[in-house]
Amino acid sequence: MLTQKLLSVSNLGADWVLWLLVSLSVISVGIMLERAAFFLSRRIANPDALSNLLLAGDLAGALQAVEGRQGMEADVVRAAVEHAGKGADAVVEVVNAKMERSRLDYERRLAFLGTLGNNAPFIGLFGTVLGVIRAFSDLAAHPATAGAGTVMAGISDALIATAVGLFVALPAVVMFNLYQRWLRRASQRSSVLGHAVVAWLRAARAGEG
């Protein structure tokens, strides 16, 4: 009884799996474009020059350099400068908090790309299995008219689902890894900028002593 019910589901074939993969692919492309625009719009043109301003204690110049800018680095600079009067330890805590908060924005929707990249091939493989089951089911139901050629045609159609699954997964994996790399770089640059303010504060304090 259960086998027959499962067989009736498999007789639907791989078409619905293909449509599912196409839908997931459209969503993933939209996320890729949105995330690319997000990361590119938040890059700092010359982080080394900005770090030198902070090391030199030119806080006003640093603020001017990130004026109107969005992103982790700009947020860290503004937060560090704003709390510089409270001492180096306060700046360290504020910078860490700001980085963690910004990381949430940078990681948004990346989980979807990672999950899709890992699982789209299995979805395609599932469609292939359904297609193969349907091909042999048709052969069993019509042994006189369904020859080997018919079965092989059904199997070849079913294999398309696996190919589509791989086609959907590969761009998702590539872009997920790229965005993770950009996130790590933004975090490293933000940490350098935060430490530049801390270094200047501690140097100034040592000079006063």
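Take the sequence shown: its position 17, counting from 1, is numbered 17 in the numbering used here, and each next residue is one higher. Ideal Cβ placement from N, Cα and C applies to all residues, glycine included.
For residue 29 and residue 178, I'd like the C-alpha separation in whole angstroms.
Counting from 1 along the sequence shown, the entry for residue 29 is found at position 29. Counting from 1 along the sequence shown, the entry for residue 178 is found at position 178. Roughly 14 angstroms separates the two Cα atoms.
What does the Cβ neighbour count give for residue 216, buried or exposed, with the cut at 16 atoms within 10 Å?
Residue 216 lies beyond the range of the chain shown here (1 to 209); nothing can be said about it.
Consult DSSP for residue 82 and reduce its assignment to one of helix, strand or coil.
Against the sequence shown, residue 82 aligns to sequence position 82. Three-state DSSP puts residue 82 in a helix.
Taking all protein chains shown into account, do 16 or more other C-beta atoms lie within 10 angstroms of the C-beta of residue 104, making it buried, or fewer, making it exposed?
Sequence index remark: in the sequence shown, residue 104 carries index 104 (1-based). The residue in question, residue 104, is exposed, as its Cβ has fewer than 16 Cβ neighbours within 10 Å.
Where do the N-terminal and C-terminal ends of the alpha helix (DSSP H) with residue 17 fall, by residue?
By one-based count along the sequence shown, residue 17 stands at place 17. Note, residue 17: alpha helix (DSSP H), 15 to 41.
With a threshold of 16 other CB atoms inside 10 Å of the CB of residue 73, please say whether the residue is buried or exposed.
On the sequence shown, position 73 is the one that residue 73 refers to. With 16 or more other Cβ atoms within 10 Å, it is buried.
Three-state class that DSSP yields for residue 225 in the structure shown:
Look at the range of the chain in this structure, 1 to 209, and you will see that residue 225 is not part of it.
Would you identify the three-state DSSP class for residue 109, choosing helix, strand or coil?
For the purposes of this step, residue 109 is taken as the residue at position 109 of the sequence shown. Three-state result, residue 109: coil.
Quick one: any contact between the region 167 to 177 and the region 53 to 69, if contact means 3 or more CB pairs under 8 angstroms?
no
If you check the beta carbons only, do residue 193 and residue 41 fall under 7 angstroms apart?
Within the sequence shown, the letter at position 193 stands for residue 193. Within the sequence shown, the letter at position 41 stands for residue 41. Their beta carbons are not under 7 angstroms apart, which means residue 193 does not touch residue 41 by this criterion.
Give the DSSP-derived three-state secondary structure of residue 73 in the structure shown.
On the sequence shown, position 73 is the one that residue 73 refers to. Here residue 73 sits in helix by DSSP.
Answer yes or no: do residue 76 and residue 91 have a C-beta to C-beta separation smaller than 7 angstroms?
Translated into the one-based positions of the sequence shown, residue 76 becomes position 76. Translated into the one-based positions of the sequence shown, residue 91 becomes position 91. No, the pair does not count as a contact, with Cβ atoms beyond the cut-off.
How about the region 123 to 136 and the region 158 to 173: do they share at least three Cβ pairs that are nearer than 8 angstroms?
yes
What are the boundary residues of the alpha helix (DSSP H) that residue 48 is part of?
For the purposes of this step, residue 48 is identified with residue 48 of the sequence shown, where counting begins at 1. First-last of the alpha helix (DSSP H) with residue 48: 47 to 55.
If you draw a straight line from the C-alpha of residue 197 to the C-alpha of residue 98, how long is it?
Numbered from its first residue, the sequence shown carries residue 197 at position 197. Numbered from its first residue, the sequence shown carries residue 98 at position 98. Between residue 197 and residue 98, the C-alpha separation is close to 14 angstroms.
For residue 136, which of 59, 158, 119 and 181 has the nearest alpha-carbon?
For the purposes of this step, residue 136 is taken as residue 136 along the sequence shown, with counting starting at 1. It is 158.
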